[in-house]
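Residue numbers (this note's numbering): 12 to 309.
Just so you know, even glycine gets a beta-carbon here, dropped at the ideal spot from N, CA and C.
One structure is given below, encoded as structure tokens.
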Ligand code: GLN
């Protein structure tokens with residue numbers, strides 16, 4: 012029989028925190044206990060001596076054991092917050108990362124038309140598309156994903172949040188109906204297939220299809236950069252997330268394909284994390300007045 016004192020919130024959280032091996036053991040424990048009890052994390056601080064029922068303590072212990080075994084908090088809760096939106100998460104897709112919110116910030120800063128056509132390639136939970144829809148309900152936003160479960164999940168998330176995003180099953184552009192987008196965003200898989208990070212942390216529990224992309228991690232980015240111009244409106248933007256050490260390679264792909272105004276931006280940890288560029292069709296670049304070309308050259 013567990014002694015009474017060990018059933019206070021603080022005692023449970025303290026013990027669990029010492030067992031969980033992650034970057035944020037205390038936070039993980041608080042999120043799990045909050046999930047089980049329905050109590051807020053703030054209440055654990057305000058009332059650390061509050062007692063937890065035996066049934067709740069046992070349910071918490073099961074989650075802690077799963078977390079100690081490495082299972083991501085998002086999978087244990089079935090949920091992850093992104094851009095302040097509670098998103099349902101399953102093992103069929105990537106868990107949205109805080110750094111991807113930087114991609115959303117950059118997208119929101121672009122000078123886009125009021126009713127912009129936007130495409131989120133490889134939408135997964137729908138995180139990027141839904142964050143954009145929450146800020147700009149008037150944009151026409153499409154999300155696509157090759158994985159049927161991800162398509163269903165993104166639709167569920169859109170319904171639950173009351174946001175309008177059209178979600179289609181498509182491996183990158185393959186199944187899309189002809190269209191021209193003012194902005195194409197993507198957080199594609201970009202980890203090299205032999206990268207040691209794949210053996211550590213949450214990624215062990217996420218599908219390879221959402222993470223891994225060939226020997227240098229750039230296979231999908233190459234395809235996206237190559238095909239995006241066929242789907243971009245005149246002067247439309249392509250904005251992609253990539254690995255912290257891939258900026259030069261990705262910017263090189265953009266320039267080689269003919270994108271202009273190519274720039275790399277940083278994530279919250281000050282690492283090069285995304286690259287964007289603008290597409291001007293050949294006609295627009297070649298046809299205008301002679302000195303126009305210089306303005307585009309970088
Ligand atoms: N940034 C993620 C990680 O390193 C990977 C995301 C991705 O491949 N798109 O955990």
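(message) So, at 7 Å on beta carbons, what are the nonlocal neighbours of residue 86 in its own chain, with the 5 sequence-adjacent residues on each side left out?
(response) Counted from its first residue, the chain shown places residue 86 at position 75. Sequence-distant partners of residue 86 (beyond 5 residues in either direction) whose C-beta falls short of 7 Å from its own C-beta, in its chain, are 100, 102, 216.
(request) With a threshold of 7 Å, establish whether the CB of residue 214 neighbours any heavy atom of the ligand GLN. (result) Working through the chain shown from its first residue, we reach residue 214 at position 203. Result yes, Cβ under 7 Å from the ligand GLN.
(message) Please classify residue 281 as buried or exposed, where buried requires at least 16 other C-beta atoms within 10 Å of its C-beta.
(response) As a working mapping, residue 281 is identified with position 270 in the chain shown. Counting every other CB atom within 10 Å of its CB across the protein chains shown gives residue 281 a total below 16, marking it as exposed.
(request) Note down the Cα distance separating residue 172 from residue 179, rounded to an integer number of angstroms. (result) Translated into the one-based positions of the chain shown, residue 172 becomes position 161. Translated into the one-based positions of the chain shown, residue 179 becomes position 168. Taking the straight line joining both Cα atoms gives about 18 Å.
(request) State the Cα-Cα distance for the pair residue 157 and residue 44, rounded to the nearest angstrom. (result) To locate residue 157, count along the chain shown from 1; it is residue 146. To locate residue 44, count along the chain shown from 1; it is residue 33. Between residue 157 and residue 44, the C-alpha separation is close to 35 Å.
(message) Closest to residue 256 by C-alpha separation, out of 238, 170, 283, 250, would be which residue?
(response) The count along the chain shown starts at 1 and reaches residue 256 at position 245. Residue 256 has its Cα closest to that of 283, out of 238, 170, 283, 250.
(request) For the alpha helix (DSSP H) containing residue 312, list its first residue and its last residue. (result) Past the edges of the chain, shown from 12 to 309, lies residue 312, and the structure says nothing about it.
(message) Tell me whether residue 86, by its Cβ, gets closer than 7 Å to a heavy atom of the ligand GLN.
(response) One-based indexing of the chain shown puts residue 86 at position 75. Answer for residue 86: no, Cβ out of range of the ligand GLN.
(request) Check whether the Cβ atoms of residue 293 and residue 271 lie closer than 8 Å to each other. (result) Here residue 293 refers to the residue found at position 282 when the chain shown is read from its first residue. Here residue 271 refers to the residue found at position 260 when the chain shown is read from its first residue. No, the Cβ-Cβ distance between residue 293 and residue 271 is not below 8 Å.
(message) Here's the rule I'm using: 16 or more other beta-carbon atoms within 10 Å means buried, otherwise exposed. How should residue 186 be labelled?
(response) Residue numbering aside, residue 186 sits at position 175 when the chain shown is read from its first letter. When all chains shown are included, residue 186 counts as exposed.
(request) Compare the beta carbon distance of residue 132 and residue 115 with 8 Å and say whether it is the shorter of the two. (result) In the chain shown, residue 132 corresponds to position 121, counting from 1. In the chain shown, residue 115 corresponds to position 104, counting from 1. Not closer than 8 Å, so no.
(message) Quick check on residue 27: buried or exposed, where buried means 16 or more other Cβ atoms within 10 Å of its Cβ?
(response) Here residue 27 refers to the residue found at position 16 of the chain shown. Buried: at least 16 other Cβ atoms inside 10 Å.
(request) Could you spell out where the alpha helix (DSSP H) holding residue 197 opens and where it closes? (result) One-based indexing of the chain shown puts residue 197 at position 186. That residue, residue 197, is in no alpha helix (DSSP H); its beta strand (DSSP E) goes 192-197.
(message) Any contact between the segment 79-94 and the segment 61-71? By contact I mean 3 or more CB pairs, one from each, below 8 Å.
(response) no
(message) Just to check my reading of the structure: residue 110 and residue 279 have Cβ atoms closer than 8 Å, yes? What is that Cβ distance to the nearest angstrom?
(response) Translated into positions along the chain shown, residue 110 becomes position 99. Translated into positions along the chain shown, residue 279 becomes position 268. Rounded, the Cβ-Cβ distance is 6 Å, consistent with contact.
(message) For the ligand GLN, I want to know if residue 200 counts as a neighbour, meaning its beta carbon is within less than 7 Å of at least one of the ligand's heavy atoms.
(response) Within the chain shown, the letter at position 189 stands for residue 200. Yes, the Cβ of residue 200 comes within 7 Å of a heavy atom of the ligand GLN.
(request) Put residue 307 into one of helix, strand or coil per three-state DSSP. (result) Walking along the chain shown from the start, residue 307 turns up at place 296. Note on residue 307: pLDDT 43, under 50, position unreliable in the model; the coordinate value appears next. It is helical.
(message) If I follow the unbroken alpha helix (DSSP H) through residue 29, where does it start and stop?
(response) Locating residue 29 in the chain shown gives position 18, where the first residue counts as 1. From DSSP, the alpha helix (DSSP H) with residue 29 extends over 20-30.
(request) For the beta strand (DSSP E) containing residue 152, list its first residue and its last residue. (result) Start at 1 with the first residue of the chain shown, and residue 152 comes out as number 141. 151-156 is the span of the beta strand (DSSP E), which, as asked, contains residue 152.
(message) Between the alpha carbons of residue 168 and residue 98, how many angstroms are there, rounded?
(response) As a first step, residue 168 must be located in the chain shown, where it is residue number 157. As a first step, residue 98 must be located in the chain shown, where it is residue number 87. Here the alpha carbons of residue 98 and residue 168 stand approximately 6 Å from one another.
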